[in-house]
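> Have a look at the structure that comes next, please.
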Amino acid sequence: MPEPRANPLFMGHEAAVASLHHAATSGRLHHGWLLTGPPGIGKATLAFRFARWLLAGGETADLSIPESASLFRRVAAATHPDLFTAERRINEKTERLQGEIVIATIREANKFMRLTPAEGGWRVIIVDGAEDMNPNTANALLKMLEEPPPRAILLLTTAAPGRLLPTIRSRCRVLPMAALPLPDMQRLLGEYVPELGQGARNRLAELAEGSIGNALALAAEDGIALAALVDEALDAPVKPARAQAIADTVARMVEGADKFETFFALLRARLAARTRQAARLGSGEGGANLAASVALWQEFGRMEREVLLLNLDKRAAIVVALSQLHRS
């Protein structure tokens with residue numbers, strides 16, 4: 291899938307598109323927007339889509355402009371003079387992705403916002419992953435939201451709005467975006483991974499729970515095979531030898547990428563889904579043992595973080611996690 295800034299394909303979220311279109315065409319476009327929703331559902335793709343539409347003069351109801359247009363290509367190449375993106379960047383010294391959006395990036399954005407639009411229209415700032423701002427960075431952004439210049443707009447995307455300063459949330463118009471429905475997921479997967487069979491695409495859509503980003507990540511990381519191992523462990527207790535075999539299988543699936551995080555993400559997601567289903571049905575597992583299931587979900591998250599932070603044995607962590615399932 292192309293990066294959000296270069297992605298012409300967008301499906302679903304009709305209410306969000308209509309809200310942005312109405313606000314812009316009615317002459318009451320708020321200067322700050324907060325696009326919220328689960329990871330991988332298209333928040334950044336919509337932010338760039340709306341930015342292109344604004345910069346192009348805004349004519350279509352679906353916020354699209356032709357992929358062949360010069361403006362589209364310039365936004366895709368990050369060369370449009372009236373669009374600035376604030377996000378985690380590669381640290382030039384360590385050559386690694388920064389752990390947060392640093393204050394220097396927001397200071398650059400502030401200088402950008404004060405400039406006269408180079409092409410006579412809008413100046414647009416996209417803050418992608420706004421929850422990644424530290425307190426100093428967030429306060430710097432808040433000043434921009436408090437004193438915006440004319441014809442300047444900030445589009446913030448976040449999967450965790452609760453991590454933002456309440457004052458930032460209160461100065462933005464919140465645009466909630468939900469997980470994509472199954473038909474949209476199936477159509478998008480048909481566009482992005484047409485080489486997969488319909489059954490595989492349906493399975494990916496189910497596993498990803500409405501996140502096209504997650505679905506494509508799973509497609510690239512043997513997600514269907516990993517999910518089968520997870521379901522095997524959730525269906526019945528696995529013996530120590532089988533647990534070790536599962537851990538070894540996960541390790542052998544590594545081909546330039548680490549499947550440990552994908553396995554644990556699936557384990558927690560599938561455990562949560564089964565617990566929710568049991569709770570809705572009012573069964574014993576979803577009632578009396580609900581707290582235990584939630585505690586186990588939290589424990590798996592803690593275990594994953596410690597393994598990654600301390601560079602612990604990943605095979606051993608998988609074996610320990612599987613041994614904790616089905617304990618009475």
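Throughout the sequence shown, residue numbering follows this note's numbering, covering 291 to 618 in sequence.
Glycine included, C-beta positions come from ideal geometry on N, C-alpha and C.
So, with DSSP's three-state summary, where would you put residue 315?
helix
> Just list the residues that DSSP pairs residue 322 with in beta bridges.
444
> Spell out a yes or no on whether the segment 513-530 and the segment 463-470 are touching, meaning 3 or more CB-CB pairs, one atom from each, closer than 8 Å.
No, because fewer than three Cβ pairs between the segment 513-530 and the segment 463-470 fall closer than 8 Å, the two stretches do not touch.
> Using only the alpha-carbon positions, how far apart do residue 576 and residue 523 sit?
In this prediction, residue 576 has a pLDDT of 46, which is less than 50 and means its spatial position is unreliable; nothing more can be read from the coordinates.
> If I'm right that residue 534 touches residue 609 with Cβ under 8 Å, what's the distance once you round it to whole angstroms?
6 Å
> Counting contacts by CB-CB distance shorter than 8 Å, is residue 303 in contact with chain C?
Given the protein chain composition of this structure (a single chain), no chain C is represented.
> Helix, strand or coil for residue 540? Go by DSSP, reduced to three states.
helix
> Between residue 562 and the rest of its own chain, which residues show a CB-CB distance below 7 Å, the 5 nearest in sequence each way excluded?
587
> Compare the Cα-Cα distances from residue 506 to each of 332, 305, 415 and 438 and report the closest residue.
The residue with the shortest Cα to Cα distance from residue 506 is 332.
> At a cut of 8 Å, does the segment 472-479 reach the segment 450-458 through at least three beta carbon pairs?
no
> So what's residue 425 in DSSP terms, helix, strand or just coil?
helix
> Taking a contact to mean a Cβ-Cβ separation below 8 Å, would you say residue 564 touches residue 591 in this structure?
no
> For residue 416, report the span of its beta strand (DSSP E) as first-last.
Annotation for residue 416: the continuous beta strand (DSSP E) segment containing it runs 413-418.
> Which word fits residue 380, buried or exposed, when buried means at least 16 other C-beta atoms lie within 10 angstroms of its C-beta?
A residue is called buried once 16 or more other Cβ atoms fall within 10 Å of its Cβ, and residue 380, having fewer, is exposed.
> Can you tell me the Cα-Cα spacing of residue 387 and residue 580, whole angstroms?
38 Å
> Identify whether residue 456 lies in helix, strand or coil by the three-state DSSP scheme.
helix
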